[in-house]
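Going from the sequence shown to this note's numbering is simple: count from 1 and add 600. Backbone N, C-alpha and C define an ideal beta-carbon position, used for all residues, glycine too. To start, the structure itself, in structure tokens.
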Amino acid sequence: MSDKFSSHKSSEELLALYEIAKAINSTLDISEVLELIMNMTIKYLNAEAGSIMLLNEKNELVIKVAHGLDMAKLKDVSVKIGESISGKVALTGEPLLLVGKVDNGEFVNIVSRKEDIKSSLCVPLKVKSQLRGILNLRRASSAKDFTEDQLKFLAMIADEASIAIENARLYDLEKHRAQELEILNRKITFEKVKMEAVLKSLSDGVMVLNELHEIILINPVLEKLFKVISSSVEGKKYINLISHTNFRDLIEGTREGDEVNSIELFIASEDRTFEIVSASIRDLFCQISGKVIIFHDITHIKKIQNMKSDFVSMVTHELRSPLTSIIGFADILLRKYLDKNKRKKYLGIIHEESSRLLDLINNLLNLSRLEAGCYNFKKEELDMSIIIHDAIDMLSAQTEKHNIIFDPKDYICIITGDRDMLYRVIINLLSNAIKYSPHGGDIFINLLDKDKFWEISVIDKGIGIPENVIPCLFEKFYRGDSEIINRIRGIGLGLANVKYILEVHGGSIRVESEIDKGSKFTFYLPKEGKIND
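What follows is the structure, given as structure tokens:
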């Protein structure tokens, strides 16, 4: 077998080197690059076997591709730097030409010593003086020995091969990184979508600031509250949205201080109160990188707290007033001799105040029992006309300024329900009509047949109800904020009782009112209704 490069032929070497470089740089697939290097070096140097070894993560040489060798036996072989022929070349960084078998004890054999080896070439694969691997070639005993020129030529090939291997390695690394980034990007996108969904579904407002206290995002609740869109305020200081001193102190005060802090803030433009909680966001190095601020609407809670406070004051006043009258007039009756007319008058006042006190206590107890489900409703067939007449008789005796007019139009208003509770409904509605018509006048009760329902209305010509008050009329302890209303005794439980009783009977109630013209309370009861237990 003749050698293509048995003598120095620079033009042929350059042409061969060009062809090899062109071929191995035609792909960035590392496996293809290694195969091309192996095939072309064996071809141009008439070798019978060869291998390419690359450094692994343990800084050991492992065979990545081999021709003329049993790869199955070599796939798990690794060579430490300094051991065997390849390890020696890796250590010195110098190409090596060997003739015949190697019996030197300093080398570790990775092939059988029985194999015929005439000559071997071993060159390092380096990039910028950094070892990447080893390129080995060998011939059997029947072939000629490799020459120094061929060693030099293989070293030239190794330089080109090293660049191609490095390019393929970097490409493979970048491709792997790109895949990781794609997976990471998908995860981030998924988490972002999930976070956006969470933020949109929250009933609380959320604001996120960076370390400069610039807005990163706000959720739809805050968009609605501040009448902006998130994208229009991103990157701007929070003070552009909310400049309250307490809020500024909350944000600025937790820069280096507490992780979590909170305040209550009333936003006058919306007539709402918020509990605002600020929490620091820390990065991987435990440095504060921003803040998340939660706006929890506690308007309703504050309203209930105020109502409870007002309720205590009202109940105290409402209990004290009749008791004061009762005790005072009783004391007069006990200490002084009075004529018959005065005694009758004072006893009438005591009776009236006692009745009012009893009504107050009954309303309190009834609502508590109704809400707790402790009231045992009676189910019986009733004529609402009779109940209405009984209530009229009761209240007409207590007022001389009012004329209660009821025309049942010959209806026989039969329903199923609890007589005492429905009587309480009529009493409460008529009592309100009397109280809120301080100048007296007619009060009408209308009864209409509405197919499956009875419609019953109580109409007065009194002071009327402000439109903004109507939605809250049936809430416990609510009495509105009118100066006239506040002069009239009451604690705001009567209508709450009415609504609850009607709902239990499968009914409902609505209100129509006009200031200085009067009010109309209309409720509906099913003809064949059943009490909702």
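- In this chain, the beta strand (DSSP E) harbouring Y1124 covers 1118–1126.
- Rounded to the nearest angstrom, the gap between the Cα atoms of P1066 and L884 is 58 Å.
- The beta carbons of I1115 and G1064 sit closer together than 8 Å.
- Counting the other CB atoms within 10 Å of its CB gives Q779 a total below 16, which places it among the exposed residues.
- The three-state secondary structure of A868, taken from DSSP, is coil.
- Secondary structure of P1008 (DSSP, three-state): coil.
- Look at the beta carbons and you see the region 771–785 not touching the region 659–667: under three pairs across the two are nearer than 8 Å.
- Collapsing the DSSP output to three states places T627 in coil.
- Closest in alpha carbon position to K726, among K752, D759, A740, I901, is D759.
- In the structure shown, C722 falls within a strand segment according to DSSP collapsed to helix, strand and coil.
- The C-alpha of G1094 is placed about 11 Å away from the C-alpha of I961.
- Assignment of K1035 by DSSP, reduced to helix, strand and coil, places it in the helix class.
- If only uninterrupted beta strand (DSSP E) runs of at least 3 residues are considered, those enclosed by the region 931–1005 are 980–983.
- Sequence-distant partners of A991 (beyond 5 residues in either direction) whose C-beta falls short of 7 Å from its own C-beta, in its chain, are Y1023, I1026, I1027, L1030.
- Taking each of A879, T873, I881, S880 in turn and checking the Cα distance to I904, the smallest one comes out for T873.
- Of G948, M807, K945, the smallest CA-CA separation from V877 is found for M807.
- Using a Cβ distance threshold of 8 Å, I949 and T999 do not count as a contacting pair.
- Here E748 carries a helix assignment [DSSP, helix/strand/coil].
- Residue range 696–699 is occupied by the beta strand (DSSP E) that includes V699.
- Bounds of any alpha helix (DSSP H) do not take in D1018, whose DSSP letter is neither H nor E.
- When secondary structure is reduced to three states using DSSP, A758 falls in the helix class.
- Linking T641 to A647 through their CA atoms gives a straight-line distance of about 8 Å.
- For I783 and D629, the gap between their C-alpha atoms comes out near 22 Å.
- Between the alpha carbons of D1051 and C1013 lies a distance of about 12 Å.
- It is roughly 16 Å from the alpha-carbon of F866 to the alpha-carbon of I839.
- Per DSSP, the unbroken alpha helix (DSSP H) holding N1097 starts and ends at 1094–1104.
- A check of alpha carbon separations from L1102 across P1126, K673, S831 identifies P1126 as the nearest.
- Judged by DSSP secondary structure, D849 falls within the alpha helix (DSSP H) whose first and last residues are 845–853.
- Under the DSSP assignment, L1047 falls in the beta strand (DSSP E) whose first and last residues are 1041–1050.
- Contact annotation, K1001 with G1062: C-beta distance approximately 11 Å; criterion of less than 8 Å not satisfied.
- Here the alpha carbons of Q887 and L809 stand approximately 14 Å from one another.
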